[in-house]
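Per this note's numbering: the sequence shown = residues 1361 to 1617.
The beta-carbon is built from N, C-alpha and C at its ideal position, and this holds for glycine as well.
I have placed the structure first, in the form of structure tokens, so that the comments after it can refer back to it.
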Amino acid sequence: MTNYSEKFEKMRIAGKLAARTLDMLTDNIKVGVSTAHIDKLGYEFIRDNGGYSAPLYYRGFNKSLCTSLNHVVCHGIPSEERILVEGDAVNVDVTAIINDYYGDTSRMFCIGDTSVKLNNLINATYESMMRAIKILKPGIKLGDIGYEIQSYVEDKGFSVVRDFCGHGISNTFHEPPNILHYGNKNVGIELTPGMTFTIEPMINAGKFSTKVLNDGWTAVTRDKSLSAQFEHTIGITENGYEIFTESAKGYSKPPYL
Ligand code: MF3
Ligand code: CO
Ligand code: CO
């Protein structure tokens, strides 16, 4: 029994609900479906399982999850007009609140056949997140996380978005510390048991700069290059880490068979 075991139990429940929402959505994310339909299904699933969608009315956001397609980096707003077509890749980012605790996770979904370039970007993004997660334990520094991601993806010619980052999360959506997805080894605060935060690298095929569209939310790559993202909510334990948002169905990474 540790002083954070109750917090972790609540994070597990919230994380599992967010992951189950993405699992449920997986079969529904296909050619001909609007991003608003994905939003509706996600909203209903979370509600029917005793939770609430954290993005809804968060700082004026008026949908329940984010759908970020192709050159959209993050915070894409679901709409009736945007229908998924062959070759699209979409990040769906779900945050569920249950018993006051938050689970935040996102995955990439490929619509039909996607280009080799896009597949490579998606694979590298997922791999960079998992490499950063695997080094987590008390005593490492926040900069070690950023270094792991940045060195891995830059070696492949991709870039790490600077304008958005991971975040502490527990009974608030976004709390300190910021988790940068770039950085240097042995720099920044030290990880300690009981910390809970997200790792959610946004990786671009081109340059890292982004801009936010006039809707006030949708962030896109300035050079219109493709962008990919995955996100897990994790906790630091005595000797390592726990992922709260793992898919029980093995759906953490495409292709989802
Ligand atoms: N889920 C996003 C994150 O990973 C935040 C979305 S805020 C919203 O932090 F308002 F755009 F939904
Ligand atoms: Co997040
Ligand atoms: Co998120």
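If you compare the alpha carbons of VAL1513, ILE1596 and LYS1613 with that of LYS1501, the shortest gap goes to ILE1596.
One thing to note: PHE1469 has its Cβ no nearer than 7 Å to the Cβ of ILE1529. For the pair of segments examined, the segment 1559-1578 was found to touch the segment 1514-1529: the number of CB pairs separated by less than 8 Å reaches three. HIS1435 has its CB nearer than 6 Å to a heavy atom of ligand 1. Bounds of the beta strand (DSSP E) holding ASP1464 are 1461-1470.
For GLU1404, the enclosing alpha helix (DSSP H) covers residues 1395-1408.
DSSP places GLY1528 within a strand segment (E or B) once states are collapsed to three.
Taking 6 Å as the cut-off, one finds no heavy atom of ligand 1 near enough to the beta carbon of PHE1557.
At least one heavy atom of ligand 3 lies closer than 6 Å to the C-beta of SER1466. Spanning the alpha carbons of VAL1513 and PHE1405 requires a straight line of approximately 34 Å.
When the five nearest sequence neighbours on each side are left out, the beta carbons in the same chain lying within less than 6 Å of the beta carbon of LYS1613 are those of TYR1486, in order along the chain. Contact between TYR1616 and THR1386 holds: CB atoms are separated by about 5 Å, below the 8 Å threshold.
Measuring C-alpha to C-alpha distances from PRO1553 to each of ASN1483, ASN1599, PRO1415 and PRO1561 identifies ASN1599 as the nearest. With a cutoff of 7 Å on beta-carbon distance, PHE1604 and GLY1463 are scored as near each other. Annotation: the continuous alpha helix (DSSP H) that includes ALA1484 extends over 1476-1494. Straight through space, the alpha carbons of ASN1451 and LEU1429 are spaced by roughly 6 Å. The three-state secondary structure of LEU1502, taken from DSSP, is helix. ALA1414 sits in coil when the DSSP states are folded into three classes, being neither helix nor strand. Considering only SER1585, SER1587, GLU1606 and MET1555, the residue with the shortest C-alpha distance to GLU1366 is MET1555.
Spanning the alpha carbons of LEU1586 and ASN1363 requires a straight line of approximately 43 Å. In the same chain as TYR1418, and ignoring 5 residues on each side of it, the C-beta atoms closer than 8 Å to its own belong to PHE1533, in chain order.
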